[in-house]
DNA sequence: GTGAAAGCGCTAACAG
DNA sequence: CTGTTAGCGCTTTCAC
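Residue numbers (full-length UniProt numbering), protein chains in the order written: chain A, 1 to 331; chain B, 1 to 331.
This is the structure we're talking about:
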C-alpha cells in the first residue's frame, strides 16, 4: 500500500494541491480559503490519516528539523543523559536527534560529520575529539550551526558550552590532600584534548600548592582503543607504586577503577582515595570513597539547545563561550 | 555560501548531471563513461568537496537510510548500550539512527511514531510501552518495517527479539531461596507490559515451588512518573515489612534501591538479598549482593538489526520471534 | 477563493 | 559514451 501524497488528496477531493497545502499549513485564513473548503480538507485528511512527507518538505524548505548529536560514545552515562535532556528540549521545538558516536576516532568523526552535513541536519551539538580541526574549521567558515560542549580546542573559535576544568580539579585534589593523601596518581584518557589537559593541570596545581613533588610516572594515560584492559593495567601499575590516592579525568575510567578495585584487586579499598571529574550516582556509596566534580548536565543541555537555536535563527555569526561551574562533591 | 548541487558541478565541468550522477554512484564503468571523464569528475568533486544532498536522494529513491530507535528512555543504560551497539551495526550498512524516548507514555510514543513515519525512516527498532496497539497495528498492516525488542504484547503479532522472562526470574529467585530467603518482596515498574508480567510470574513460580505463601502486599509497583521517589517509598514499605530479599524487574529500580540502601536506609545491607532482572557492572561488588539476570545485549542488537534488514529487503511479510536465553549471574 | 506551474537536488529511462 | 527529460512530494508565486 503506497502512502498517499498531497496530489492524491487533491485529486480525491477535487481541489488543487495548492489549496490543500495552504490549509494543512494553517494558512487557510491568510490565503482566504473558504471555511467550508478548509473543513472538508481537514476532515478528509483526518479520516484517511494523511501524513505529509517530511523529506519532500525538507527538500523544498531547506530545513530538516533534525539536529545531529556527535559524541564519543552515546552509551557513556554522561553523554547519554545529556543526550536525553537535549532530545526533550528539542522535541518541544519540533526538532529530532540523529546520533553519532565517534569512539574518539578522528576518522569516524569526520565521516559522521559529512554524514550529518549530507543529511542536511539543521545544526550540530558536538563533543569533539578535536584531533583534526580541518573539517570543523571548514564547516565553521561556511557558518554551519554548531555548538560544542564538554571539550574545547583553543585553536578553534566556536560556540562552546563548557565547565571550568582546572580549578575544580585542583580543589577536588586539594580535598584529598587535606584528608592526608601524599602520593597521588592520575589516570586519564587521551589528553590531546585541551579540556583534559586542563584537568591534569588542576591536578598538578594542587600538588604544587602543597609542595608535593610531581612524579610524571604517576600520570598514566589509558589507551582509548582498549579502555577496559588498559585502565586495569594502569591501575595495577599505580597500585604497585603504592599511591594513596588516584585522580581520574572522567567518570568512565573511575567506574572501571571502582569495579577493578572491588572485584580484581580486592585490597586497599579503604586506604585509597579517589577523585573523579564527572559524577556518578554510585559514588555516593562506593568504596573507595570518591570526591567528584559534578557537571551541571541540565544546564549544559539547556544552553546547548538555546544557543544552537539562536545560531540557526540568526543570519550573522554568533560566537558564544559559556563556562559553567561544576559542583564539588565531597564524600 | 550556498552549497554546490550536482547541477553546478555539471555546468562547471561541461558534463550533464546524468554523467556526474553515474560517476558519483560508481556506475561509471557500468554505464560506459570513459575513464578520462570519470577521473575528471572524481578529481573535481574531491577538489571542491562536493557532498550530494541526501534529502534529494531520499526523495527520489524513497529511502532515507535512517532507522528510528524508539525506547522508554535512551539514558537508561540498558537502552543506551543496545542503542550504541545498534548504531555501530547500522553504521556498517550505511544507516543512521534517529532516537526517541517515550517515557512509557502512550501519547509520546504515538507522536514519535508519526514523526518517524513522516520522516520516512526505513525501519523502526522499538521497545514499546504497548499501552495502545492501534497505531502499531495500523503500521504493521501497512507492512512498515519494524522490529520489537525487550517487550512483547501477545495481542500484537510482530517481529520480536526477546529474552525468556519467566523461567530465568524463577531461577534467580530460587537462588536466593536456596541461600535462605523466606520473605521475598518484589518491586516492579508498571506491569501492564506482558514481559514484565512474566517476570513477576517467575517470581511467583519460585515462591510456589518452595511452598512460600504469596503475599500480594509484598508486590509493589512504582510510579513511572516519579521513579526515584516512588521506588524509595516502596522500598521503605518493604523494609518495614521485614522482607529478607527483594526481586526487581529491571535494572533501573535495582540501581535506585542499592543507592537508597547505602545512602538513606544504611541498614540491613548484608542481611538482605537482591534479585535483578537486567545486569549492571556495579552488581559485581555492590552491597546488598545481587543475583541478576543478564540480557545478552550484543545478541539482541545483532538480531534486531539483522531481522530489520531482512524485513526491509524482502517484499513479503516476515514475522519472526526470537527468544534468547539470558544468563544467570550468581553473587 | 482557487489553480497552474516552477523548482528544491537528485536518479534513471530513453534517446542519440 | 553522453545528454535530455520526467518526476519524487511539497511550497509558493503569480494568474485567473
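Note that beta-carbon positions come from the ideal geometry of N, C-alpha and C, so glycine has one too.
query, result
"Go through its chain and collect everything with a Cβ distance to residue 249 (chain B)'s Cβ below 6 Å, but skip five positions before and after it.", "188, 196, 199 and 277"
"Going residue by residue through the region 211 to 245 of chain A, where are the continuous alpha helix (DSSP H) segments of at least 4 residues, counting only ones entirely within it?", "227 to 240"
"What do you get for residue 319 (chain B), buried or exposed, if any count of 16 or more other CB atoms within 10 angstroms of its CB means buried?", "exposed"
"Can you give me the C-alpha to C-alpha distance between residue 336 (chain B) and residue 290 (chain B), rounded to a whole angstrom?", "Any property of residue 336 (chain B) remains undetermined from this structure, which presents chain B solely from 1 to 331."
"Residue 181 (chain A): which of A:190, A:212, A:202 and A:158 sits nearest, CA to CA?", "A:212"
"Residue 254 (chain B) and residue 238 (chain B): beta carbons closer than 9 Å?", "no"
"Find the nearest neighbour of residue 72 (chain A) within the set A:45, A:36 and A:103, judged by alpha-carbon distance.", "A:103"
"Span of the alpha helix (DSSP H) holding residue 156 (chain A)?", "Where residue 156 (chain A) is concerned, there is no enclosing alpha helix (DSSP H), given that its DSSP letter is neither H nor E."
"Against chain A, with Cβ distances strictly below 9 Å, would residue 190 (chain B) count as a contact?", "no"
"Do residue 117 (chain A) and residue 67 (chain A) come within 9 Å of each other at the CB atom, strictly closer than that value?", "no"
"On a CA-only basis, which of B:10, B:163 and B:153 is nearest residue 323 (chain B)? Give me that one, please.", "B:163"
"If I follow the unbroken alpha helix (DSSP H) through residue 312 (chain B), where does it start and stop?", "297 to 313"
"Consider the Cβ of residue 268 (chain B): report whether some Cβ of chain A lies at a distance smaller than 9 Å.", "no"
"Do residue 218 (chain A) and residue 265 (chain A) have their beta-carbon atoms positioned less than 9 Å apart in this structure?", "no"
"Just reading off the beta strand (DSSP E) that residue 323 (chain A) is part of, what are its end residues?", "321 to 324"
"Taking only three categories from DSSP, how would you classify residue 185 (chain A)?", "strand"
"Quick check on residue 16 (chain A) - is its C-beta less than 9 Å from some C-beta in chain B?", "no"
"Cβ of residue 207 (chain B) within 9 Å of Cβ of residue 246 (chain B)?", "no"
"What do you get for residue 301 (chain A), buried or exposed, if any count of 16 or more other CB atoms within 10 angstroms of its CB means buried?", "buried"
"Taking a cut of 8 Å between CB atoms, which residues from the region 41 to 67 of chain A lie near chain B?", "49, 51, 52, 53, 54, 55, 56, 58, 59, 64 and 66"
"Among all the DSSP beta bridges, which residues are the ones paired with residue 294 (chain A)?", "A:327"
"Determine, for residue 165 (chain B), whether the minimum Cβ-Cβ distance to residues of chain A falls below 9 Å.", "no"
"Report the three-state DSSP secondary structure of residue 144 (chain B) (helix, strand or coil).", "coil"
"Closer than 8 Å by beta-carbon distance: list the chain A residues that pair up with residue 115 (chain B), in chain order.", "96"
"I need the boundaries of the alpha helix (DSSP H) containing residue 173 (chain B), first residue and last residue.", "166 to 178"
"Between the region 71 to 90 of chain A and the region 30 to 38 of chain A, do three or more beta carbon pairs fall short of 8 Å?", "no"
"Return no unless some Cβ of chain B is closer than 9 Å to the Cβ of residue 87 (chain A).", "yes"
"Between which two residues does the beta strand (DSSP E) harbouring residue 275 (chain A) extend?", "273 to 277"
"Just list the alpha helix (DSSP H) runs in the region 59 to 136 of chain B, keeping only unbroken ones of 4 residues or longer that don't cross its boundaries, in chain order.", "77 to 92 and 106 to 118"
"Give a yes or no on whether the C-beta atoms belonging to residue 13 (chain B) and residue 41 (chain B) are separated by under 9 Å.", "yes"
"Using a Cβ-Cβ cut-off of 8 Å (strictly less than) and excluding sequence neighbours within five positions of residue 334 (chain B), which residues of its own chain qualify?", "Only positions 1 to 331 of chain B appear in the structure, and residue 334 (chain B) is not among them; the question remains open."
"Residue 247 (chain B) bridges to which residues according to DSSP?", "B:186 and B:275"
"Quick one: which chain A residues come within Cβ less than 7 Å of residue 110 (chain B)?", "What residue 110 (chain B) touches in chain A: nothing, since even the nearest Cβ is about 12 Å away."
"State the start and end residues of the unbroken beta strand (DSSP E) segment that holds residue 160 (chain A).", "160 to 163"
"Taking Cβ-Cβ distances shorter than 7 Å, what residues in chain B pair up with residue 285 (chain A)?", "259, 262 and 263"
"Considering only residues of the same chain and omitting the five flanking positions on each side of residue 373 (chain A), which have a CB-CB separation below 7 Å?", "Residue 373 (chain A) lies beyond the residue range present for chain A, which begins at 1 and ends at 331; the question has no answer from this structure."
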